[in-house]
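Novice: Sequential numbering of the sequence shown, starting at 529, is according to my numbering.
No residue lacks a Cβ here, since even glycine has one placed at the ideal position from N, Cα and C.
Just so you know, these numbers come straight off a predicted model, no measurement behind them.
After the structure tokens below, expect a handful of questions from me.
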Amino acid sequence: MASFSQFGNDLYTGKRSVDFVGKRAIWFAIAILLVVAALAVPLIKGGGNIGEGFKFGIEFRGGSQFQITGANSLNTTTGQDAVLSVVPNAVVDITTVGKDGVQVQTNQLTNDETIKVTAALAKNYGVQITGVTSSFIGATWGGDITRQAVIGLIVFLILAALFMAIYFRTWKMSVAAIISLAHDLIITAGVYALTGFEVTPATVIGFLTILGYSLYDTVVVFDKIRENTAELTDESPRTFGEAVNLAVNQTLVRSINTGIVAALPVAAILFIGSFILGADTLRDISLALLTGTLIGTYSTPFVASPLYATFRQTEAGIKKRDKRVLQLRAKSFAA
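Next comes the structure, spelled out in structure tokens:
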């Protein structure tokens, strides 16, 4: 523990340093590869249609849902046979819930088909007819949910961009942060496509939550960057990029600690929700939270901060000052 504290102290003083800004080409290449891979997964799984590469929950696609409690078997084939015996061409998706529960989802059925499927499921799973509950969600309602989710995301990004532009008094920090947020979103979505987890309203809540976490981490680091770069004068020994890199290193241990503290309980919720309780809502939201927390912790030092340094280092005043600092450094080395 003492060695880790010493490591953090060395990062803060500059005795040790991870070269986030100097090696940004490597970090940008890794980020681009991750984004391309995250986009390719649903595109390939969907046969060229990126939307088909995700497994959307019944709330988005619409359909009928049956919940069986006290089932004498958790065999998914049992439920599929029951549905297909009534509706031969039905699209059936079955998951287990806890130790004796089964959830069956289909495309939307008629009232008569729903009654018959309920009876068939009760018979096949050995429960009373009251042990099977049914519900349905129309495609229109699912479409409304999708639109509201997209609107919520767009509003969040706009407000976040405006807040950072006003707070930091530069649009370049705002743009760097939003690009980093988009990077986090795309990769998290790619994980959902890869794992086949359902995208539900709980998932959307998780997405918005991780955006808030990622933005919080970015703002903290950017605030330190602003503090370090505001202190630069003609006599300062560091270039602009070096001042940015020092700020990232000074906040690195805090970011790691925050990320670990946030990720551990979420990982526990994901494990318990998926493998013990079979609670779909816990599973759906916790995967988004876990992935987003890990990606958000990585993206601030490796994507957002180097990107901001890249934007600013093209400015004439900063280029001129950096050139002078490097010339003075070369002269001191020569002497």
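Ordered along the chain, which non-local residues of its own chain (more than five positions away) have a Cβ less than 6 Å from that of A837?
Specialist: V549, G769, V772, listed in sequence order.
Novice: When burial is assigned at 16 or more other CB atoms within 10 Å of the CB, is A559 buried or exposed?
Specialist: That one is buried.
Novice: Applying the 10 Å Cβ sphere with the 16-neighbour rule, what's the burial state of A648?
Specialist: Flag for A648 reads buried.
Novice: Does A758 pass the burial test, meaning 16 or more other C-beta atoms within 10 Å, or should it be called exposed?
Specialist: Exposed, because fewer than 16 other Cβ atoms sit within 10 Å of the Cβ of A758.
Novice: Could you check how far apart the C-beta atoms of G581 and F664 are, in whole angstroms? I think they sit under 8 Å.
Specialist: Not confirmed; about 25 Å, so no contact.
Novice: If I'm right that A721 touches L835 with Cβ under 8 Å, what's the distance once you round it to whole angstroms?
Specialist: Not really, about 25 Å apart at Cβ, beyond 8 Å.
Novice: Leaving out five residues on either side along the sequence, give the residues of the same chain with a beta carbon under 6 Å from the beta carbon of K848.
Specialist: Excluding sequence neighbours, K848 sits near nothing in its chain.
Novice: Counting only runs that start and end within the region 605-682, where is the alpha helix (DSSP H) found for 4 or more residues in a row?
Specialist: DSSP runs (the alpha helix (DSSP H)) wholly in the region 605-682: 639-653.
Novice: Just the Cα atoms here: how many angstroms apart are L612 and A791?
Specialist: Straight-line Cα distance between these residues: approximately 42 Å.
Novice: Just the Cα atoms here: how many angstroms apart are I643 and V727?
Specialist: Taking the straight line from one Cα to the other gives about 28 Å.
Novice: Count the other C-beta atoms from every protein chain shown that fall within 10 angstroms of the C-beta of G718, then say buried if there are 16 or more, exposed otherwise.
Specialist: Buried is the call here.
Novice: Going by C-alpha to C-alpha distance, which of T828, P616, I813 sits closest to F556?
Specialist: Looking at the Cα atoms, T828 is the closest of the given residues.
Novice: Rounded to the nearest angstrom, what separates G575 and V563 at their Cα positions?
Specialist: Cα to Cα, the separation comes out at about 19 Å.
Novice: Are N777 and L539 touching if we call contact CB-CB under 8 Å?
Specialist: Taking 8 Å as the Cβ cut-off, N777 and L539 qualify as a contacting pair.
Novice: Taking only three categories from DSSP, how would you classify K583?
Specialist: Correct three-state label for K583: strand.
Novice: Quick check on V747: does DSSP put it in helix, strand or coil?
Specialist: In this structure, V747 counts as helix in the three-state DSSP scheme.
Novice: Note the first and the last residue of the continuous alpha helix (DSSP H) segment covering S708.
Specialist: Note, S708: alpha helix (DSSP H), 699-723.
Novice: Just to check my reading of the structure: R811 and L822 have Cβ atoms closer than 8 Å, yes? What is that Cβ distance to the nearest angstrom?
Specialist: That belief does not hold up - the Cβ atoms of R811 and L822 are roughly 17 Å apart, past 8 Å.
Novice: Please classify Y826: is it buried, with 16 or more other beta-carbons within 10 angstroms of its beta-carbon, or exposed?
Specialist: With 16 or more Cβ atoms within 10 Å of its Cβ, Y826 is classed as buried.
Novice: Going by DSSP, which residues form a beta bridge with S592?
Specialist: The partner list for S592 (beta bridge, DSSP) reads T634, F664.
Novice: Based on Cα-Cα distance, which residue from N600, G607, N603 lies nearest to Q593?
Specialist: Nearest of N600, G607, N603 to Q593, Cα basis: G607.
Novice: Are there 16 or more other CB atoms within 10 angstroms of the CB of A530, so buried, or fewer, so exposed?
Specialist: The predicted position of A530 is uncertain, since its pLDDT is 48 and thus under 50; no value can be drawn from it.
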